[in-house]
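Okay, structure first, notes after.
Protein chains: 2
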Amino acid sequence: MTAPRLLDVAEAAGVSRATASRVLAGTPRNVDPELARRVEEAARRLGYRTNHSARALRTGTTGTVGVVVPTLANPYFVQLADAIAQQVRAAGGQLVVSDAANDTAVEAEQIETLLDGRVDGLLVVPVSAGASGPAVRAAARRAPVVLFDRWATDSGTVAVTLDNTAAMRLLLDHLEGLDRHRIALVAADQASSSGAERLAAFTEARGADATTVLLPSFTTDAGRTAGRRIAEQHTRIDAVVCGADVLAVGLVSTLQRSAVSVPGQIAVTGFDDTEILELLDPPITSIRHPLAAMAERALTLLQAPGRERAERVERFPPRLVVRASTDG
Amino acid sequence: MTAPRLLDVAEAAGVSRATASRVLAGTPRNVDPELARRVEEAARRLGYRTNHSARALRTGTTGTVGVVVPTLANPYFVQLADAIAQQVRAAGGQLVVSDAANDTAVEAEQIETLLDGRVDGLLVVPVSAGASGPAVRAAARRAPVVLFDRWATDSGTVAVTLDNTAAMRLLLDHLEGLDRHRIALVAADQASSSGAERLAAFTEARGADATTVLLPSFTTDAGRTAGRRIAEQHTRIDAVVCGADVLAVGLVSTLQRSAVSVPGQIAVTGFDDTEILELLDPPITSIRHPLAAMAERALTLLQAPGRERAERVERFPPRLVVRASTDG
DNA sequence: GCTCCTTGGGAGATCGATCTCCCACATGCT
DNA sequence: AGCATGTGGGAGATCGATCTCCCAAGGAGC
Numbered sequence: 232m233t234a235p236r237l238l239d240v241a242e243a244a245g246v247s248r249a250t251a252s253r254v255l256a257g258t259p260r261n262v263d264p265e266l267a268r269r270v271e272e273a274a275r276r277l278g279y280r281t282n283h284s285a286r287a288l289r290t291g292t293t294g295t296v297g298v299v300v301p302t303l304a305n306p307y308f309v310q311l312a313d314a315i316a317q318q319v320r321a322a323g324g325q326l327v328v329s330d331a332a333n334d335t336a337v338e339a340e341q342i343e344t345l346l347d348g349r350v351d352g353l354l355v356v357p358v359s360a361g362a363s364g365p366a367v368r369a370a371a372r373r374a375p376v377v378l379f380d381r382w383a384t385d386s387g388t389v390a391v392t393l394d395n396t397a398a399m400r401l402l403l404d405h406l407e408g409l410d411r412h413r414i415a416l417v418a419a420d421q422a423s424s425s426g427a428e429r430l431a432a433f434t435e436a437r438g439a440d441a442t443t444v445l446l447p448s449f450t451t452d453a454g455r456t457a458g459r460r461i462a463e464q465h466t467r468i469d470a471v472v473c474g475a476d477v478l479a480v481g482l483v484s485t486l487q488r489s490a491v492s493v494p495g496q497i498a499v500t501g502f503d504d505t506e507i508l509e510l511l512d513p514p515i516t517s518i519r520h521p522l523a524a525m526a527e528r529a530l531t532l533l534q535a536p537g538r539e540r541a542e543r544v545e546r547f548p549p550r551l552v553v554r555a556s557t558d559g
Numbered sequence: 232m233t234a235p236r237l238l239d240v241a242e243a244a245g246v247s248r249a250t251a252s253r254v255l256a257g258t259p260r261n262v263d264p265e266l267a268r269r270v271e272e273a274a275r276r277l278g279y280r281t282n283h284s285a286r287a288l289r290t291g292t293t294g295t296v297g298v299v300v301p302t303l304a305n306p307y308f309v310q311l312a313d314a315i316a317q318q319v320r321a322a323g324g325q326l327v328v329s330d331a332a333n334d335t336a337v338e339a340e341q342i343e344t345l346l347d348g349r350v351d352g353l354l355v356v357p358v359s360a361g362a363s364g365p366a367v368r369a370a371a372r373r374a375p376v377v378l379f380d381r382w383a384t385d386s387g388t389v390a391v392t393l394d395n396t397a398a399m400r401l402l403l404d405h406l407e408g409l410d411r412h413r414i415a416l417v418a419a420d421q422a423s424s425s426g427a428e429r430l431a432a433f434t435e436a437r438g439a440d441a442t443t444v445l446l447p448s449f450t451t452d453a454g455r456t457a458g459r460r461i462a463e464q465h466t467r468i469d470a471v472v473c474g475a476d477v478l479a480v481g482l483v484s485t486l487q488r489s490a491v492s493v494p495g496q497i498a499v500t501g502f503d504d505t506e507i508l509e510l511l512d513p514p515i516t517s518i519r520h521p522l523a524a525m526a527e528r529a530l531t532l533l534q535a536p537g538r539e540r541a542e543r544v545e546r547f548p549p550r551l552v553v554r555a556s557t558d559g
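The listed protein sequences correspond, in order, to chains F and E. Just so you know, we're using my numbering here: the first sequence kicks off at 232 and counts up by one. Just so you know, we're using my numbering here: the second sequence kicks off at 232 and counts up by one.
Below is the structure:
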């Protein structure tokens, strides 16, 4: 009743363990087709499954990649993790996801746990641009690490991110093309590199005195707070760019309750193109990240020699997805 | 530069590998305190981390638990996975989450992958009560498996679930206490055991001719469709029980757009108490699952001897969380 | 003072797959 | 014919931690 081992397969097929391994692991395949057939047949018949612990011990690789995200409460990060999982699985690996609870201390702990555990490499979406660096730097001494979607200063590590500046430009150009010129920004979490970049790009384009509502966190509730503030001054504003979809959702629902029409009086855009945009009428214009391409690139870097992961930021082009919230 | 091994620690501490292992792994701890101190000191100084592949190979256990959920697009399952992760981590383990894309074929594949890979045990939230059984049964021959939140017929395996009948009773009693008697059900996914149980409990309590809107899937979009249908006949209805929060969210937003007031004209309840309930005004009354207790129980069963996992359903008590959508 | 236990600790075997030699045989060339 | 070259395949070492003996030293009991 005990699980069959490679040895059992080899004996059943009348070959040595080495040959059985060559066939089943697919290493330099110089094996007589007839023997290969016999090995495969025996493996199937016995229901053989390779013991990953043994393989990992011998080869020193586990086929597992870890990713630490700021929080799974934001559906964007669920989507992001899912995109990575697709790529990892396509390559025959497995993904382990950890939640940092938006806290750099928890983040550092999760990183350590994953490294202790059994990952070949680690992707990190750092909680904070300023404070996540050291933990990442320490991790990178133990295993390949690539930052994803956000960067962190002093991390010593490459980051694969969205070009947030270009994204902001896309949104502003789109709104201005619709003849909306009194544009406000609703943003949160300037601790993250993406939040900071989006804010900076907005200020750069619209001037420092443009209306800006900064919130403590990327949540729908924060979006609601912003909605109340915007509603108060809605006659001076005809468009709102939100730094995240979750903000836009709360904002739109509050505006509508305050009898401010979207997009009639105020056009609204989100950021990240998560599925929750479908929650409300009207659907919300947003920015889509090329997550599949970003994930592919990040995984490539993870397997590349260390010097290719030198600290820098690689930016991927955003795509504007126009919906009724700006187009009505 | 190569990572220190147990042997290195043992030599640095002047003891044998066996003793070092006894100290660091915490096995039958009959070790001289002085030696133990030296081992721990050496381990710290060298930055020793135990090689989990080697341990797994020797002991035959990985300390990893897997969970397969129907879809991560529904935030309820994200919360559920998170609750399990908490418990697993508290026990010093790691959780691997897989998404079955609401498809029993994908589900079967994910189960196999997880088992091949490196899990000691598996929790499954089966996609379908009728069709997920065989894959679960097959899995249970290879490793301990416990169903979670839903059951599946012919799975041969214990399920740790919510008492959906009691939950439905809580909701109906609550609504009737508020003098709402013309209650409709909006539900989806009768393929899942939870969906089927909720529908059955509703029909049992309200009679077969009560208004029931059945939808093809548990999504917000489906909720919107339901909203349109309910709005058409809103004079004959004064309350709607939704079989899932995501449905309630779509429903409420559509009712409001149709100028049907919630809860003024129609009270609405959700199911699962996910955080998206905060998305809309008013916040929505819902049913909270005791996820922590359920997760703890499921993990206990996973480690128990096989006979304790005989096919049956264990039901946990729901809690009614009253919010403004039924209380305005 | 002697035997019998108890208890701490070490030597070596072990988990299962892969990898490194190295051998045997066949093929091609002078 | 004799030698170099190439190719398939096996024996045994190896990855690192744990577990199973078994031995030695110290204490208890007579």
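Cβ coordinates follow ideal geometry from the N, Cα and C atoms, glycine included.
List the endpoints of the continuous beta strand (DSSP E) containing residue i.
| i | result |
| --- | --- |
| R543(E) | 543-547 |
| V356(E) | No beta strand (DSSP E) contains V356(E), which DSSP labels as neither H nor E. |
| R519(F) | 517-519 |
| Q325(E) | 325-330 |
Report the three-state DSSP secondary structure of residue i (helix, strand or coil).
| i | result |
| --- | --- |
| L409(F) | coil |
| A249(E) | helix |
| D347(F) | helix |
| T500(E) | strand |
| L402(E) | helix |
| L530(E) | helix |
| G294(F) | coil |
| L415(E) | Leu is not the amino acid found at residue 415(E); the sequence shown has Ala there. Strand, per DSSP. |
| L522(F) | helix |
| R566(E) | Because chain E here runs from 232 to 559, residue 566(E) falls outside it and cannot be looked at. |
| L303(F) | coil |
| R289(E) | helix |
Name the two residues that bound the continuous alpha helix (DSSP H) containing residue i.
| i | result |
| --- | --- |
| A479(E) | 476-488 |
| S556(F) | From DSSP, S556(F) is part of no alpha helix (DSSP H); its letter is neither H nor E. |
| R224(F) | A query on residue 224(F) cannot be resolved here, the shown segment of chain F reaching from 232 to 559 and no further. |
| Y307(F) | 306-321 |
| E506(F) | Run containing E506(F): none; DSSP gives neither H nor E here. |
| L237(F) | 237-244 |
| G426(E) | 424-437 |
Give every residue of the same chain whose Cβ lies closer than 8 Å to the Cβ of residue i, excluding the five residues on either side of it in the sequence, and list them in chain order.
| i | result |
| --- | --- |
| E545(E) | V389, A390, V391, T392, R528 |
| R455(F) | G481, L482, S484, T485 |
| L266(F) | A244, V246, T250, V254 |
Within the same chain, show all residues whose beta-carbon is closer than 6 Å to that of residue i, passing over the 5 residues directly before and after it, in chain order.
| i | result |
| --- | --- |
| P375(F) | G352, L533 |
| A415(F) | T442, I468, V471 |
| A362(E) | T335 |
| L402(E) | V472, T500 |
| H520(F) | L393 |
| A555(F) | P513, P514 |
Please list the partners that residue i has in chain F, where partner means a Cβ-to-Cβ separation under 8 Å.
| i | result |
| --- | --- |
| L478(E) | Those do not exist, as L478(E) stays about 12 Å from chain F at its closest Cβ, beyond 8 Å. |
| D503(E) | What D503(E) touches in chain F: nothing, since even the nearest Cβ is about 15 Å away. |
Leaving out five residues before and five after residue i in sequence, what residues of the same chain have Cβ atoms less than 7 Å from its Cβ?
| i | result |
| --- | --- |
| H465(F) | V491, Q496, I497 |
| A274(E) | V240, L255 |
Name the chain F residues whose beta carbon is nearer than 7 Å to that of residue i?
| i | result |
| --- | --- |
| R280(E) | D347 |
| D334(E) | Residues of chain F passing the Cβ test: none, with the nearest at roughly 15 Å. |
| T516(E) | Result: empty, since nearest Cβ-Cβ is about 18 Å, beyond 7 Å. |
| E506(E) | A304 |
Anything in chain F within Cβ reach of residue i, meaning under 9 Å, just list it in chain order.
| i | result |
| --- | --- |
| V309(E) | L303, A304, P306, V309 |
| S492(E) | Within 9 Å Cβ-Cβ: nothing; S492(E) doesn't reach chain F, min ~12 Å. |
Is the closest heavy atom of the ligand GDP to the C-beta of residue i under 7 Å?
| i | result |
| --- | --- |
| Q341(E) | The ligand GDP is not among the ligands present in this structure, which contains no ligands whatsoever. |
Who are the neighbours of residue i on chain E, taking C-beta pairs under 8 Å?
| i | result |
| --- | --- |
| R460(F) | Per Cβ cutoff of 8 Å: no residues; R460(F) is ~16 Å from chain E at best. |
| R543(F) | Neighbours of R543(F) on chain E: none; closest Cβ ~25 Å, over 8 Å. |
| V328(F) | V328 |
Which bits of chain E does residue i rub up against, with CB to CB less than 9 Å?
| i | result |
| --- | --- |
| H283(F) | S284, A287, T293, D347, G348, R349 |
| Q496(F) | Near Q496(F) there are no residues of chain E at all, since even the closest Cβ is about 16 Å away, more than 9 Å. |
List, in order along the chain, the chain E residues whose C-beta lies closer than 7 Å to that of residue i?
| i | result |
| --- | --- |
| L511(F) | S484 |
Fully enclosed by the stretch 440-471 of chain F, which alpha helix (DSSP H) runs are 4 residues long or longer?
451-463
Contained alpha helix (DSSP H) runs [length at least 4] in the stretch 353-395 of chain E, N- to C-terminal order
364-373
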